[in-house]
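Q: Have a look at the structure that comes next, please.
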Amino acid sequence: MAIFDKFKSGLQKTRDFFSQNFTKLAGNLGRFDEDMLEELSMLMIQADVSVASTEFIINQVKDHIKATGDDQVETVIEVIRKAMAESLGPSQHLEIDPQVLNVLLMVGVNGTGKTTTTGKLAWAYRQQGYKVVMAAADTFRAAAIDQLEVWADRAEASLIKGEQGSDPASVVFNAIQAAKSRSAQILIVDTAGRLHNKKNLMDELAKIRRIIAREAGEAKVTSLLVIDATTGQNALFQAQAFNEVTDLDGLVITKLDGNAKGGIALTVAREAQLPIYFAGLGEQIDDLQEFDRDSYINSLIPEDFNKAQD
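Take 1439 as the starting number for the sequence shown in this note's numbering and just add one per residue.
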């Protein structure tokens, strides 16, 4: 399935919510007035676009109408699409450097799909021919270790683990040695997500980073925050909170197919100022896709919106 079709299928609930309500809103007059723009604002907020991001998009529409006098539906749609694109920023590909060890630190609160995403990433990179080692550094939860074992078997990747309650940094140390001895290009580290105790989390992540710097100083390290789209604005709060305790490089948004609130992607990208590298668009093993800005926008609001409704 092509990437656009994946996004279109995965975002069907959000797409239906937007299109049905947008059609009702604009269908009668064929143009936008002040009251309709207010209703459009409410529609976007209901889809989990934050107030600040909604205001940015609506203000773009108002400025365009004021400057040109063109308030037709087709024009408003195009301005919205451009404002969405600006909010998301350009699509960014997570580059893997085959000359060094690439360490992906997976962070996020428990329940966001972090461990599952770790497994799916391992599978995806194995399909590309990379040697992958996984580290079960969420030693707080036995279930996370067991879950990664299943994924390691499915992905045909190596898994390095310790006992429940053991030092996560020691697991990462052993995983680095294993990655080196097996000439692996990618090490994916599943970390704990106890955000309610920021001091412990910060100390734990800092210790893991020190181990990586000491044992694999040449490694390319990327910290990916995994957030759950179905949690709505909490996803943004998590991004802000994790940014306080560790340096984040990008986002993975899971469960975008889970409800009609896929607008959260616009919010976290714009307000957290982080690129979205991957999107979870279903429960199947290949439903973790590289995030593509244009496919995302086209899945919500097609370029030819009126024709798409026929």
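Where is the CB? At the ideal position from N, CA and C, for every residue including glycine.
Quick caveat: nothing in here was measured; it's all calculated off a predicted structure.
Quick one: residues in its chain with C-beta nearer than 8 Å to the C-beta of Val1487, no 5 flanking neighbours on either side, listed in chain order?
A: Here the set comprises Ile1495, Gly1701, Ile1702, Leu1704, Thr1705.
Q: Quick check on this structure: which residue in Tyr1568, Gly1527, Met1572 has the alpha carbon closest to the alpha carbon of Lys1552?
A: Considering only alpha carbons, the answer is Met1572.
Q: Which of helix, strand or coil does DSSP assign to Phe1716?
A: Residue state, collapsed to three classes: strand.
Q: Output the distance between the C-alpha atoms of Phe1456 and Ile1739, rounded to the nearest integer angstrom.
A: If I take the Cα positions, the gap works out to 8 Å.
Q: For the segment 1471-1525, list the beta strand (DSSP E) runs that are entirely contained and at least 3 residues long, ordered along the chain.
A: Qualifying beta strand (DSSP E) stretches: none in this window.
Q: Put Asp1695 into one of helix, strand or coil per three-state DSSP.
A: Note: Asp1695 maps to coil in three-state DSSP.
Q: When you compare the CB positions of Ala1574 and Lys1599, do they come within less than 8 Å of one another, or not?
A: It is a contact, given that the beta carbons lie within the stated cut-off.
Q: Where Ile1735 and Glu1741 are concerned, what is the direct C-alpha to C-alpha distance, given to the nearest angstrom?
A: The alpha-carbon atoms of Ile1735 and Glu1741 are separated by roughly 9 Å.
Q: Where Glu1533 and Asn1459 are concerned, what is the direct C-alpha to C-alpha distance, given to the nearest angstrom?
A: Cα-Cα distance, rounded: 39 Å.
Q: Under a Cβ-count criterion, where at least 16 other Cβ atoms within 10 Å of its own Cβ denotes burial, should His1502 be classed as buried or exposed?
A: His1502 should be labelled buried.
Q: Leaving out the 5 sequence neighbours to the left and right, which residues in its chain are closer than 8 Å to Arg1592 when beta-carbon positions are compared?
A: Cβ within range, chain order: Gly1557, Trp1561, Ile1723.
Q: Kindly list the residues whose CB is nearer than 8 Å to the CB of Lys1504, restricted to its own chain and excluding five residues on each side of it in sequence; keep chain order.
A: None.
Q: Check the C-beta distance from Val1409 over to Ala1595 and give it rounded, since I have them as a contact under 8 Å.
A: Outside the shown range of the chain (1439 to 1748) lies residue 1409, about which nothing can therefore be said.
Q: In the DSSP assignment, what are the bridge partners of Gln1727?
A: Ala1717.
Q: Let me check understanding here. Comparing Cα to Cα, which of Ala1644, Ser1529, Lys1658 lies closest to Gln1732?
A: What sits at residue 1732 in the sequence shown is Asp, not Gln. Checking every option, the nearest Cα to that of Asp1732 belongs to Ser1529.
Q: Measure the alpha-carbon distance for Glu1472 versus Asn1697 and round it to whole angstroms.
A: The alpha-carbon atoms of Glu1472 and Asn1697 are separated by roughly 29 Å.
Q: Take Ser1604 as the anchor and find which of Ala1590, Arg1579, Ile1614, Ser1619 has the nearest alpha-carbon.
A: Among Ala1590, Arg1579, Ile1614, Ser1619, the Cα nearest to that of Ser1604 belongs to Arg1579.
Q: Buried or exposed, going by whether 16 or more other CB atoms sit within 10 Å of the CB of Lys1636?
A: Burial call: exposed.
Q: So Ser1661 is in the alpha helix (DSSP H); what residue range does that whole segment cover?
A: First-last for Ser1661: 1658-1666, but that is the beta strand (DSSP E), not the alpha helix (DSSP H).
Q: Which two residues bound the contiguous alpha helix (DSSP H) that contains Asp1610?
A: According to the sequence provided, residue 1610 is Val. The question's Asp does not apply to it. Its alpha helix (DSSP H) spans residues 1606-1619.
Q: Do you know whose CA, among Gly1631, Met1474, Leu1449, lies nearest Ala1485's CA?
A: Ranking the options by Cα distance to Ala1485, first place goes to Leu1449.
Q: State the beta-bridge partners of Asp1628 as determined by DSSP.
A: Asp1628 pairs with Met1544, Ala1574.
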